[in-house]
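Just so we're on the same page, our numbering is the position in the sequence shown counted from 1, plus 20.
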Amino acid sequence: MGRHRTAPAWGLLLAAAWTAGCAVGPRYVAPAVTPPAAYKETPPADAGKDWAAARPADAVARGAWWTVYGDPALNGLEAQIEAGNETLKAAQARFLQARALVRSARAAYLPQVGAAAGVTPGAQSGNKPLRSPLAPRTYTDYLVSGDVSWEPDLWQRIGRTVEASRAAAQASAADAESVRLALHAECAVDYFVLRGLDAQKQLLDDSVAAYEKTLELTQARHAGGLASGADVAQAETQLETTRAQDIDTDVQRAQVEHAIAVLVGQPASTFSIARRPLTTPPPSIPPGVPSQLLERRPDIAAAERRVAAANAEVGLAQAAYYPLVLLNGAGGFEAGSIGDWFRGLSAFWSLGPAAAMTVFDGGRRRAVSEQARAAYDQAVAGYRQTVLEAFEEVEDSLVALRVLGVEAKTTDAAVAAAQRSLALAMSRYRGGVASYLEVTAAQTAALSDQRTAVGILTRRMTASVLLIQALGGGWNASTLPSGNPGP
21 MGRHRTAPAW GLLLAAAWTA GCAVGPRYVA PAVTPPAAYK ETPPADAGKD WAAARPADAV
81 ARGAWWTVYG DPALNGLEAQ IEAGNETLKA AQARFLQARA LVRSARAAYL PQVGAAAGVT
141 PGAQSGNKPL RSPLAPRTYT DYLVSGDVSW EPDLWQRIGR TVEASRAAAQ ASAADAESVR
201 LALHAECAVD YFVLRGLDAQ KQLLDDSVAA YEKTLELTQA RHAGGLASGA DVAQAETQLE
261 TTRAQDIDTD VQRAQVEHAI AVLVGQPAST FSIARRPLTT PPPSIPPGVP SQLLERRPDI
321 AAAERRVAAA NAEVGLAQAA YYPLVLLNGA GGFEAGSIGD WFRGLSAFWS LGPAAAMTVF
381 DGGRRRAVSE QARAAYDQAV AGYRQTVLEA FEEVEDSLVA LRVLGVEAKT TDAAVAAAQR
441 SLALAMSRYR GGVASYLEVT AAQTAALSDQ RTAVGILTRR MTASVLLIQA LGGGWNASTL
501 PSGNPGP
């Protein structure tokens, strides 16, 4: 038996269509933050070549920021991360999951259509009360039907769900970019540490060779009665101590090389990097102005998108206070014999709106709403904390580069002085006017200063990488996906 739509039903449907899109809940506005006018460590005009004003920024802005170092080996390793790093693949897969959830949420805008068909034999009880004795006991029900259900989005319940899932997907995309940036930066840091160890190895190899010659000289002088056995023992001690330090660099280098292998997605057993000492200073990395940092850091973008998602969840919680309106329709054919299945009298249909509303829930909706608002406040605090930490990281890297640049000049002067002192001590020792103790002290000072200089150069290179990472590596928030994926 069919049911006809009544005028009130039509009125409710029109009202639903008219009011659809009326958003419930707060309108989203990005949380306010006030960046500083300038970085505390902004260098003066005469700070040196590490602070050249603009040119290197063009290369950084392209995204492949590691090319500013002009190292083909580093470029090759960085290129392997995109295809081989499993951590990056996992982050990208999480974004694909989040994007699929957006499509799932958007599907609620469209009607849900179902269909069913069946042939059901059955039998009535012969002793059923009020059953006509002329009616057959057995029967077969032939049924084919379809149904349609559509929820007009009166209070933006669906819209808020889509908004939340879209913002979450954008946050996931920014998270993936943060992972990508961190992996590329880690690869560059490890690479320069490796090159620094190569420089340490070369320095220690040269020192071992020089100490071997010194030992031979001391043994010859001892044989000629010009040096004591204590001098020979001191020369042997100096040589063997330096050899031990030389060997130890091999362990450190192997471990760093293994770490790079994991980053590029290769087994450590089959991966190797040719030795090449670190010699060149870092390129110029201009920091720009602080206000740009809010758009250049993917972690800041992710935090801001999570605030937007939390804001949408507040609106979704408030929508629970309003009625749920559905427009339902069904129709089909039902008959007791297959011959009567598609005759006019076998047809049935129904169409009409329905509304449901929770009248009393013991405060559950209020609790959910309060929870959503607290989650929003938490997201805002997380966003502002992320901004503060971002500026801290930039300032840390800037001060490291500035101080290490000054320290490098001082250390270079110390190395030059130590080498002059060693040359004089060796000359005096060969001439018999100085003890071997003077040579030992000069050798120790020279090697220490040289190793310090290599360590500072390594730290300068890694500090420049960390500065690029702190500045976002050329990423920009405008590259975030729209959050409206296709089918």
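Yeah, the Cβ is synthetic: ideal placement off N, Cα and C, and Gly gets one too.
Counting along the chain, proline 55 sits inside no beta strand (DSSP E), nor does DSSP assign it H or E at all. Excluding sequence positions up to five before and after glutamine 222, its CB lies within less than 6 Å of the CB of Pro297, all in the same chain and listed in chain order. The bridge partners DSSP lists for phenylalanine 368 are Gly352.
In the three-state scheme derived from DSSP, where H, G and I count as helix and E and B as strand, aspartate 167 is classed as strand. For tyrosine 159, the beta-bridge partners assigned by DSSP are Gly142.
Of the residues assessed, valine 49 falls on the exposed side of the cut-off, its CB having fewer than 16 other CB atoms within 10 angstroms. DSSP lists Leu347 as the beta-bridge partner residues of proline 373. If you draw a straight line from the Cα of glycine 335 to the Cα of arginine 177, it comes to about 8 Å. Following the DSSP letters along the chain, one finds proline 318 inside the alpha helix (DSSP H) bounded by residues 318-339.
If you check the CB distance, valine 423 and proline 307 do not come in under 8 Å.
Counting other Cβ atoms within 10 Å of its Cβ, aspartate 161 stays below 16 and is therefore classed as exposed. In this structure, Glu102 is the residue among Ser357, Glu102, Val435 with its C-alpha nearest to the C-alpha of glutamate 197. Segment contact: the region 151-158 against the region 454-464, fewer than three CB-CB distances shorter than 8 Å; contact not assigned. Per the Cβ contact rule, the region 217-235 is in contact with the region 269-284 (3 or more Cβ pairs under 8 Å).
In its chain, beyond the 5 residues on either side, Arg325, Ala328, Ala329 have a beta carbon closer than 6 Å to the beta carbon of alanine 187.
In this model, alanine 443 and leucine 457 are separated by some 14 Å (Cα to Cα).
The beta carbon of alanine 118 sits closer than 6 Å to those of Ala188, Ala189, Ser192, all from its chain and outside the five residues before and after it, given in chain order. Bounds of the alpha helix (DSSP H) holding valine 414 are 384-450. Straight-line spacing of the CA atoms in glycine 383 and glutamate 390 works out to 11 Å.
Nearest to leucine 224 by C-alpha distance, out of Ala264, Leu235, Pro141, Val182, is Ala264.
Taking all protein chains shown into account, asparagine 105 has 16 or more neighbouring C-beta atoms within 10 Å of its C-beta and is therefore buried.
DSSP, reduced to helix, strand and coil, places glutamine 222 within a helical segment of the structure shown. In this structure the region 200-210 does not lie against the region 230-243, because fewer than three pairs of beta carbons, one per stretch, are closer than 8 Å. Beta-bridge annotation (DSSP): alanine 136 is paired with Ser165.
The Cβ atoms of arginine 480 and alanine 438 lie no closer than 8 Å to each other. Alanine 497 and alanine 128 have their alpha carbons spaced roughly 29 Å apart. The alpha-carbon of tyrosine 449 is positioned some 14 Å away from that of arginine 440. Methionine 377 counts as exposed, since fewer than 16 other beta carbons sit within 10 angstroms of its beta carbon. Excluding its 5 nearest sequence neighbours in each direction, glycine 138 has C-beta neighbours in its own chain below 7 Å: Leu163, listed in chain order. Between alanine 288 and alanine 294 a beta carbon distance of about 16 Å is seen, past the 8 Å cut, so the two are scored as non-contacting. Following the DSSP letters along the chain, one finds tyrosine 89 in no alpha helix (DSSP H), marked with neither H nor E. Of all alpha-carbon atoms in Ala337, Leu477, Pro310, the one lying nearest the alpha-carbon of leucine 408 is that of Pro310.
Excluding sequence positions up to five before and after arginine 317, its CB lies within less than 7 Å of the CB of Ala410, Gly492, all in the same chain and listed in chain order.
Here the C-alpha atom of serine 165 lies approximately 36 Å from the C-alpha atom of alanine 337.
Judged by DSSP in its simplified three-state form, serine 248 adopts coil rather than helix or strand.
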